[in-house]
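If you're matching positions, the sequence shown starts at 1042 in the numbering used here and goes up one per residue. Backbone N, C-alpha and C define an ideal beta-carbon position, used for all residues, glycine too. All of these numbers come straight from a predicted model, not from anything done at the bench.
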Amino acid sequence: MKRFLNTYLFLALILLSSIGFSQDYTISGFTEDIEGRPVAFANVIVMNAADSSIVKGISTNDKGFFLLDKLASNTYLIRFSFIGFNDVNKSILLDQELDLGTIVLYESSEELDEVSIIVKKPTLKKEADRLVFNIENTALIEGNMFDVLKSTPGILVMDNNIQVKNSAPTVYINDKKVHLSSEELVQLLESSSANSIKSVEVITNPSAKYDAESGAVINIVMSKNLVTGYRGNVFANFTQGVFPRYDGGMSHFFKNDKIDFFANYTYSHDKINRGQVDVINYLDGANTIDQTFKSETNRNTWSRTHNFNFNFDYSINDKNTLSLSSNILVLPYFEYKIKNKTNVYDANQNLDYYFDANNLSDDDKYNLGFDLDFVHQFEKAGEKLSANAHFTTYNYNRNQNVKSNYFDKDNSFLATTAFRTDNHQDTKIYTAKVDYNLPIGEASSLEMGAKGSNIQSASNITQFDIVNGTETIDPNNTNAFDYDETIYAGYVNYAKDWEKLSLTAGLRAEKTLVEGHSALDNLTNKNDYLEWFPTASLNYAFSDNFSLYTNYKRSIGRPDYQSLNPFQFYLNDVTIVTGNPNLQPIIVDNVVLGTSLGQGVYTIEAYYKTYSNNIFELPLQDNVNNIVTYTPLNLDKTVEYGLDFITYFNIIDPWSVYFVTSFYNAEDQGVIDGSEFKKNQWSNYSVLSNDLTFLKDRSLNANFTLVYLSKSISGFREVKDLLMSNLSISKTILKDKATISLVATDLFNTQDYDVRSRYLNQNNSTFFDQDTRTIKLGFRYKFGNTNLETNQRRVIESETERLEKKEN
């Protein structure tokens, strides 16, 4: 990593020194609308007047200011553009420093054809509450949505777990939450093309408008439509990992004066491999090793996934819009096969006996989500009332068969055990919410709203012991669990801008009523609580090149429904996965102090975060019965603090680099088996990404990204360091109607990692050998009016994110 940075700095110095021998000029100014309000993030493109080739481009800041530097003396055409406004073109002769003053952009009176100016390099912008990663028309969009998240600064993906600053974020698409569990979210993102993504926003301080569970938010922003007509595309991808997998699909979009309609279908056919090595040292009363279990496990999953979503927007008139949207995920075939061999050694590491276990599960499930939205625009610009009603129905079935054969150290057969498990889950989710936006004057605004949600989940499990081919119900592992949760919420937000100072403050209240009933022990757990969630952001701009900001947010993390479920799932005779109906929600307090330098080119940020009742799924070994149980637990507290640095710059015109690094300390505190314990670790998370554009028409693009995570901790468990790598190449062909792409992941085979538990009476480790080294070939073809941009969006609510936890 240091070698890369030194190389970049050396090249940058050479470039700067060579520039110093020629005369360079700057162009600056402001963009405003007809009412004198700044037009933030407008595109300013400098083109050579002789041949219209693009020389340089930039976006205005939040004050509408732009500055283009290092321009040679020449005659240029400058184009100012922003969605919803007519383009402004200016021809200039640049032979001195030039201040264009204020450029006024006028709103479009009619829908215009899209201007064919394409800038094919990602840009990174750090705002007070979020990191905005713009990837439109880059090589990154030729993969799927999950690939894009893996390459986004601030997002870490480990073993299909999405994390932002060591916590699971809430995922939105076009500011709408996705109604899926964490596992299904990955399936959705992997089966969704990224070709319509405009940017990814990593929101570390979401306002009170967001649910209190949204401690951090990932918002995937899709491109907007501008013109009427029809557009469509078809795509197919082939991926080779340990096994081949493929996916394909199509999307269609139609727009006229009244209707926007988008529909997408994707089919994925996958087989994925994962290896795992576990070592569990069971201890005696003196905490010395009494017996050791060493297991080698091979897991294969076969899946066939159908993903369909649509959005139908109808403009009743200029002031009222009605929308119907749906996300449909159907998994009719999911086979989960685990082959395990475990050797059991005595205290002197002599083999006592061994057993092999075969675990085969057949799953099928569906998740159907529907949203109805209504938006009313008042006469006053910016005043808006919106309402949403949502319904999700989720159904899941699993048939599991486990058989184990035991042998002594001389390979003589000892015994066989076998059992079968049936598991069913049916969940219904209902939500309704209303939001009101009111501008107050020209520099302040007020938001308020209310939401109600209800979740009803019924699940059951039946385990059959199999002896000589005869099935007998095991009453100790047969149960039913009913879960009911109701949340009432209300919020208010206020924002105010002065000349140099901006303030946002909000307060959200949530009343939660929870009831869970377990049939086996006839036990009912109830939880009734009211929590307040303030949020605030303050930013002061000393100049265009220097600003200072701070923000605070309080949020909540509720356990997923599967984690509350007391069912016990046996992976083999000595490995159990179970839930915990006594889990309490996590309360998170986060404070940030940061500064932005050089018009956002450099950002330095310090933060302090505490998690009360933090939830971790830990392997807890029973040293008496030699059994390990994976179960979620509340730890007393996790304290994390650190320093982040973010920068984005060009090495040369076709080569841009962004670099993110975070040094942080995390400390977990809790009680295990009646003993208090705490553990802390300093860690580093860094991202180095390179974007390059080739050929005169810029039709060949490449992205190379490295992500490094040093040794870290997660619930007392030590996670060894790992290096992630990704290379994406795309080339447009057939007059920009088609794109071919190549994506290679885990180039250096360094994404496998170790997790170790060494504390109190726990002594175990796991090595994960992941199926992450892949090569993917893709093809996409566009037809119809390719100037259209899609209205695609998906809806995900926090309630559905907790449908089920990730598979073990």
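Point to revise | Top-ranked residue by Cα proximity to Arg1924, from Asn1384, Asp1288, Lys1111 | key: Outside the shown range of the chain, which is 1042 to 1849, sits residue 1924, and nothing can be said about it.
Point to revise | Backbone CA spacing between Val1618 and Asn1790 [nearest angstrom] | key: Mapped onto the sequence shown, residue 1618 falls at position 577. Mapped onto the sequence shown, residue 1790 falls at position 749. Rounded to whole angstroms, Val1618 to Asn1790 spans 30 Å at the Cα level.
Exercise for review: Take the Cβ of Phe1396 as the centre, count every other Cβ of all protein chains shown within 10 Å, and call the residue buried at 16 or more, exposed below.
Suggested key: The residue given as residue 1396 occupies position 355 in the sequence shown. Residue environment: Phe1396 is assigned as buried (16 or more neighbouring CB atoms within 10 Å of its CB, all protein chains considered).
Practice item. Use the C-beta contact count for Leu1372: other C-beta atoms within 10 angstroms, 16 or more gives buried, fewer gives exposed. Key: Against the sequence shown, residue 1372 aligns to sequence position 331. Label assigned to Leu1372: buried.
Point to revise | Under 9 Å between C-beta atoms of Tyr1726 and Val1701 | key: Taking the first residue of the sequence shown as 1, we reach residue 1726 at position 685. Taking the first residue of the sequence shown as 1, we reach residue 1701 at position 660. Yes, they are a contact pair.
Point to revise | Per DSSP, cross-strand counterpart(s) of Lys1425 | key: As a working note, residue 1425 is residue 384 in the sequence shown. Per the DSSP secondary-structure output, Lys1425 pairs in a beta bridge with Gln1418, Asn1478.
Check your understanding: Less than 9 Å separating the beta-carbons of Val1633 and Tyr1648?
Key -> Translated into positions along the sequence shown, residue 1633 becomes position 592. Translated into positions along the sequence shown, residue 1648 becomes position 607. Closer than 9 Å, so yes.
Review point. Where Tyr1489 and Thr1545 are concerned, what is the direct C-alpha to C-alpha distance, given to the nearest angstrom?
Key: One-based indexing of the sequence shown puts residue 1489 at position 448. One-based indexing of the sequence shown puts residue 1545 at position 504. Just to set this straight, residue 1489 is Met in the shown sequence, not Tyr. Cα-Cα distance, rounded: 13 Å.
Point to revise | Straight-line gap, Leu1392 to Ile1668 (C-alpha atoms, nearest Å) | key: For the purposes of this step, residue 1392 is taken as the residue at position 351 of the sequence shown. For the purposes of this step, residue 1668 is taken as the residue at position 627 of the sequence shown. Rounded to whole angstroms, Leu1392 to Ile1668 spans 18 Å at the Cα level.
Check your understanding: Where does Asp1188 fall in DSSP's three states?
Key -> As a first step, residue 1188 is located in the sequence shown; it is residue number 147 there, counting from the start. It is helical.
Point to revise | Cβ neighbour criterion (16 or more within 10 Å) applied to Ser1157 | key: Mapped onto the sequence shown, residue 1157 falls at position 116. Residue placement at Ser1157 is poorly supported in this model, since its pLDDT is 37, which falls under 50; the coordinates still yield a value, given next. With fewer than 16 other Cβ atoms inside 10 Å of its own Cβ, Ser1157 counts as exposed.
Exercise for review: Compute the distance between the beta-carbons of Gln1811 and Arg1315, then report whether it is under 9 Å.
Suggested key: Position 770 of the sequence shown, counting from 1, holds the residue named residue 1811. Position 274 of the sequence shown, counting from 1, holds the residue named residue 1315. Yes; because the gap between Cβ atoms is below 9 Å, this pair is in contact.
Point to revise | Reduced DSSP category for Pro1373 - H, G, I as helix; E, B as strand; rest coil | key: Here residue 1373 corresponds to residue number 332 of the sequence shown, with the count starting at 1. In this structure, Pro1373 counts as strand in the three-state DSSP scheme.
Exercise for review: Grab the span of the alpha helix (DSSP H) containing Ser1854 for me, first residue to last.
Suggested key: Residue 1854 lies beyond the stretch modelled for the chain, which goes from 1042 to 1849, so this question has no answer here.
Exercise for review: Leaving out five residues on either side along the sequence, give the residues of the same chain with a beta carbon under 6 Å from the beta carbon of Lys1191.
Suggested key: On the sequence shown, position 150 is the one that residue 1191 refers to. Hits under 6 Å: Val1198.
Practice item. Just tell me which of Ala1090, Ile1095, Asn1084, Gly1620 has its CA closest to the CA of Asp1694. Key: On the sequence shown, residue 1694 is found 653 positions in, with the first residue counted as 1. Among Ala1090, Ile1095, Asn1084, Gly1620, the Cα nearest to that of Asp1694 belongs to Ile1095.
Exercise for review: State the DSSP-derived secondary structure class of Leu1736, mapped to helix, strand or coil.
Suggested key: For the purposes of this step, residue 1736 is taken as the residue at position 695 of the sequence shown. DSSP places Leu1736 in coil when its eight states are reduced to three.
**Study point:** Beta-carbon proximity list for Ala1582, same chain, < 7 Å, skipping 5 on both sides
**Key:** The count along the sequence shown starts at 1 and reaches residue 1582 at position 541. Cβ within range, chain order: Lys1541, Ser1588.
Check your understanding: What's the gap between the Cα of Val1087 and the Cα of Glu1242?
Key -> As a working note, residue 1087 is residue 46 in the sequence shown. As a working note, residue 1242 is residue 201 in the sequence shown. In this structure, the straight-line span from the alpha carbon of Val1087 to that of Glu1242 is close to 27 Å.
Review point. What is the rounded straight-line gap between the Cα of Met1042 and the Cα of Lys1474?
Key: Position 1 of the sequence shown holds residue 1042. Position 433 of the sequence shown holds residue 1474. Since pLDDT at Met1042 reaches only 38, below the 50 mark, its modelled position is unreliable, and no value is offered.
Practice item. Kindly indicate which three-state DSSP category Leu1561 falls into: helix, strand or coil? Key: Here residue 1561 corresponds to residue number 520 of the sequence shown, with the count starting at 1. Coil, per DSSP.
Exercise for review: Report the rounded CA-to-CA distance for Arg1345 versus Thr1672, giving the unit in angstroms.
Suggested key: The count along the sequence shown starts at 1 and reaches residue 1345 at position 304. The count along the sequence shown starts at 1 and reaches residue 1672 at position 631. Roughly 29 Å between the two C-alpha positions.
Check your understanding: If we ignore side chains and look at the alpha-carbon of each, how far apart do Tyr1147 and Thr1072 end up?
Key -> As a working mapping, residue 1147 is identified with position 106 in the sequence shown. As a working mapping, residue 1072 is identified with position 31 in the sequence shown. Rounded to the nearest whole angstrom, the C-alpha separation of Tyr1147 and Thr1072 is 11 Å.
Point to revise | First through last residue of the beta strand (DSSP E) which encompasses Lys1772 | key: Here residue 1772 refers to the residue found at position 731 of the sequence shown. Counting along the chain, the beta strand (DSSP E) containing Lys1772 begins and ends at 1763-1774.
Practice item. Kindly identify the DSSP beta-bridge partner or partners of Asn1518. Key: By one-based count along the sequence shown, residue 1518 stands at place 477. Note: Asn1518 sits in no beta bridge, so no partner.
Point to revise | Cβ contact (3+ pairs, closer than 8 Å) linking the stretch 1522-1529 and the stretch 1593-1611 | key: These segments touch.
**Study point:** Candidates Thr1342, Asn1350, Tyr1271, Ser1367, of which the one nearest Asn1375 by Cα
**Key:** In the sequence shown, the residue the question calls residue 1375 occupies position 334. Before going on, a small fix: residue 1375 reads as Phe here, not Asn. For the residues Thr1342, Asn1350, Tyr1271, Ser1367, the minimum Cα distance to Phe1375 belongs to Thr1342.
Check your understanding: Nearest to Lys1360 by CA position, among Lys1425, Asn1260, Asp1414, is which residue?
Key -> Along the sequence shown, read from residue 1 onward, the residue named residue 1360 stands at position 319. It is Lys1425 whose Cα lies nearest to the Cα of Lys1360.
Practice item. Please name the residue, chosen from Ser1366, Phe1334, Asp1414, Lys1380, that lies closest to Asp1387 on a Cα-to-Cα basis. Key: Within the sequence shown, residue 1387 is the residue found at index 346, counting from 1. The residue with the shortest Cα to Cα distance from Asp1387 is Phe1334.
Review point. Nearest CA to the CA of Arg1797: which residue from Asn1464, Val1629, Tyr1271, Ile1321?
Key: One-based indexing of the sequence shown puts residue 1797 at position 756. Comparing Cα-Cα distances from Arg1797 to each of Asn1464, Val1629, Tyr1271, Ile1321, the minimum goes to Ile1321.
Exercise for review: Quick one: measure Cβ to Cβ for Thr1472 and Tyr1435, integer angstroms, because I've assumed they're closer than 8 Å.
Suggested key: Against the sequence shown, residue 1472 aligns to sequence position 431. Against the sequence shown, residue 1435 aligns to sequence position 394. Actually they do not touch by this definition, with Cβ atoms about 14 Å apart.
**Study point:** Assigned secondary structure, Val1283 (DSSP; H/G/I helix, E/B strand, else coil)
**Key:** For this step, residue 1283 is matched to residue 242 along the sequence shown. Note: Val1283 maps to coil in three-state DSSP.
Point to revise | Where Leu1226 falls: helix, strand or coil (DSSP) | key: Looking up residue 1226 in the sequence shown gives position 185. Here DSSP, grouped into helix, strand and coil, assigns Leu1226 to helix.
Exercise for review: Select from Lys1678, Lys1444, Met1765 the residue whose C-alpha is nearest the C-alpha of Ile1507.
Suggested key: Within the sequence shown, residue 1507 is the residue found at index 466, counting from 1. Of the candidates Lys1678, Lys1444, Met1765, the one whose C-alpha sits nearest the C-alpha of Ile1507 is Lys1444.
Check your understanding: Contact check, Asp1065 vs Lys1131 under 8 Å by CB: the rounded distance?
Key -> Translated into the one-based positions of the sequence shown, residue 1065 becomes position 24. Translated into the one-based positions of the sequence shown, residue 1131 becomes position 90. Contact flag wrong, Cβ pair sits at about 20 Å.
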